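Under my numbering, the residue at position 25 of the sequence shown is numbered 870, and the numbers go up by one with no gaps.
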Amino acid sequence: MLTTRQMQDEILRLKKEKDICILAHAYQSQNILEVADFVGDSYGLSLQAAKTEHKTVLMCGVRFMAETVKILSPEKKVFLSNPQAGCPMASQMDVEMISAVKAQNPGYTVAAYINTTSELKTICDVCVTSSSAVKIIKNIENKNILFIPDCNLGEWVAKQVPEKNIKLLQGGCPTHVRMSVKDVEKARALHPDAKLLVHPECLPAVSAMADYIGSTTGIMDYARKSDAKEFIIGTENSIVEHLQFECPDKKFYPLSKDCVCHNMKLTTLADVYHFVTTGHGEEIILEQEIMDKARKCIDTMLELG
Ligand code: 13P
Ligand code: SF4
846 MLTTRQMQDE ILRLKKEKDI CILAHAYQSQ NILEVADFVG DSYGLSLQAA
896 KTEHKTVLMC GVRFMAETVK ILSPEKKVFL SNPQAGCPMA SQMDVEMISA
946 VKAQNPGYTV AAYINTTSEL KTICDVCVTS SSAVKIIKNI ENKNILFIPD
996 CNLGEWVAKQ VPEKNIKLLQ GGCPTHVRMS VKDVEKARAL HPDAKLLVHP
1046 ECLPAVSAMA DYIGSTTGIM DYARKSDAKE FIIGTENSIV EHLQFECPDK
1096 KFYPLSKDCV CHNMKLTTLA DVYHFVTTGH GEEIILEQEI MDKARKCIDT
1146 MLELG
């Protein structure tokens, strides 16, 4: 039997020996973050993917994140640490549906949240992430923007960029929409001095009650730098634990015990161990044409962001 520590030591040794870069989204478990080369939000992971020099990349996150790495670094071997980890929001809208909406709205620039499939990105103009969306939407020349698929994130962006005409469709994160105004009222009653920090994928009524709204790393940065001592966290509950490790002198509470993304939680340290020891895992293979077309959308995000 191996302990967590022994497994981590073996991963750290083998990833160096085999030139493997481990990228981890901030929602991964603490024991995975400790062996990762880079931890971040979707935008940070994209930047890292564009500049990593390793021959092999292992993504601990969900499928669209591994596909983004492959598109930005097609010469590398990219693996998804748990092949079942997909983002349900990414499969809410497909090429057929958005082609039909585009045909009804000629002249609109299509801004796709990065939580979309590579196929869908091929017919969009620009990608955005939660931490880059406002800046990118402001920087788009066109006034008319079709924002897909998350209408909650889209509404949050639209409020900050009133000069744009932003059309939204009904889509969103099934994990973040579980948090309600009632959850906020309960948490505030229990922790009256705590600041409420939420992700923009939350329902607008929940976001409206927050002290800060931002991406996963935005929330973590805010909590690190703030003079406040208590925080209610309105995003995936792993962030509560990570912040508690980073800031032991502060207290963190989940806005709702139900804010768990089962897809993000699928990946275990054992998956990472299995990959570095055997090399077996799901390699991301995408058609060249899809990569080329989807890349335009991601490159435009990196340029405008
Ligand atoms: P971030 O870009 O904030 O990490 O969001 C990704 C995500 O899937 C949030 O649910
Ligand atoms: Fe997708 Fe929501 Fe999970 Fe993020 S938290 S990966 S948006 S389902």
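Backbone N, C-alpha and C define an ideal beta-carbon position, used for all residues, glycine too. Given the structure is predicted, the values throughout are model-derived calculations rather than measurements.
Starting from the C-beta of Gln-1015, find all residues in its chain whose C-beta is less than 8 Å away, skip the five residues before and the five after it, and write them out in chain order. As a working mapping, residue 1015 is identified with position 170 in the sequence shown. Taken in chain order, the residues that qualify are Cys-996.
If you follow the alpha helix (DSSP H) that Gly-885 is part of, which residue opens it and which one closes it? Numbered from its first residue, the sequence shown carries residue 885 at position 40. Where Gly-885 is concerned, there is no enclosing alpha helix (DSSP H), although the beta strand (DSSP E) it sits in stretches over 883-885.
Around the ligand SF4, Cβ to any heavy atom closer than 7 Å, ordered along the chain: Going down the chain, each residue whose beta-carbon is closer than 7 Å to a heavy atom of the ligand SF4 shows up: Tyr-872, Val-907, Cys-932, Pro-933, Met-934, Ala-935, Asn-960, Cys-1018, Pro-1019, Thr-1020, His-1021, Glu-1046, Glu-1081, Cys-1106, Asn-1108, Met-1109.
Apart from the five residues just before and just after Glu-1075, which ones in its own chain have a Cβ nearer than 6 Å to its Cβ? Your numbering for residue 1075 matches position 230 in the sequence shown. Close CB contacts of Glu-1075 within its chain, under the 6 Å cut and outside five residues either way in sequence, are with His-1036, Asp-1038, Ala-1039, Lys-1096 (chain order).
Could you give the residue range of the alpha helix (DSSP H) that holds Ile-981? Position 136 of the sequence shown, counted from the first residue, corresponds to residue 981. Element bounds for Ile-981: 978-984.
Stretch pair the segment 944-957 + the segment 969-987: three plus CB contacts closer than 8 Å: yes
Which of the three DSSP states, helix, strand or coil, is assigned to Met-938? Along the sequence shown, one-based indexing puts residue 938 at 93. Reduced to three states, the DSSP call for Met-938 is coil.
Which listed residue (Pro-1099, Val-1117, His-899, Ile-1084) has its alpha carbon closest to that of Asp-1066: Against the sequence shown, residue 1066 aligns to sequence position 221. Comparing Cα positions, the closest option is Ile-1084.
For Tyr-1098, which residues in the same chain have their Cβ closer than 6 Å to its Cβ, ignoring the five residues on either side in sequence? Looking up residue 1098 in the sequence shown gives position 253. So the list reads His-1036, Ile-1077, once near-sequence residues are dropped.
Across which residues does DSSP place His-870 in a beta bridge pair? Within the sequence shown, numbered from 1, the residue matching residue 870 stands at position 25. DSSP lists Gly-885 as partners of His-870.
Under the criterion of a Cβ to heavy atom distance below 7 Å, does His-1044 qualify as lining the ligand 13P? On the sequence shown, position 199 is the one that residue 1044 refers to. Yes - the ligand 13P has a heavy atom lying nearer than 7 Å to the Cβ of His-1044.
With three or more beta-carbon pairs closer than 8 Å as the criterion, would you say the segment 911-923 touches the segment 1103-1112? In short, these stretches do not touch, since the Cβ pair count stays below three.
If you follow the alpha helix (DSSP H) that Ala-1003 is in, where does it begin and where does it stop? To locate residue 1003, count along the sequence shown from 1; it is residue 158. Start and end: 996-1005.
Burial state of Pro-951, where buried means 16 or more other Cβ atoms lie within 10 Å: Residue 951 sits at position 106 when you count from the first residue of the sequence shown. Label assigned to Pro-951: exposed.
Which residue or residues does DSSP assign as beta-bridge partners of Pro-919? Here the question's residue 919 lines up with position 74 in the sequence shown. Paired residues: none, contrary to the question.
Going by the DSSP bridge assignment, what does Leu-903 pair with across the sheet? Here residue 903 refers to the residue found at position 58 of the sequence shown. Leu-903 is bridged to Ile-867, Phe-924.
Name the one or two DSSP bridge partners that Pro-1099 has. If you number the sequence shown from 1, residue 1099 lands on position 254. Pro-1099 pairs with Ile-1078.
Own chain residues within Cβ distance below 6 Å of Gly-1126, not counting five before or after: Start at 1 with the first residue of the sequence shown, and residue 1126 comes out as number 281. Phe-924, Phe-1120.
Best match in Leu-991, Leu-892, Asp-886, Ser-918 for proximity to Gly-906 [C-alpha to C-alpha]: Within the sequence shown, the letter at position 61 stands for residue 906. If we check each option's Cα against that of Gly-906, Asp-886 comes out closest.
Sorry if obvious, but does the Cβ on Ser-891 come closer than 7 Å to a heavy atom of the ligand 13P? Walking along the sequence shown from the start, residue 891 turns up at place 46. Incorrect: Ser-891 has no Cβ contact closer than 7 Å to the ligand 13P.
On the three-state DSSP scale, how would you describe Ile-1084? In the sequence shown, residue 1084 corresponds to position 239, counting from 1. Residue state, collapsed to three classes: helix.
Between which two residues does the beta strand (DSSP E) harbouring Leu-1042 extend? For the purposes of this step, residue 1042 is identified with residue 197 of the sequence shown, where counting begins at 1. Note, Leu-1042: beta strand (DSSP E), 1040-1043.
Mind checking Pro-1007: buried by the 16 CB within 10 Å criterion, or exposed? For the purposes of this step, residue 1007 is taken as the residue at position 162 of the sequence shown. So Pro-1007 ends up on the exposed side.
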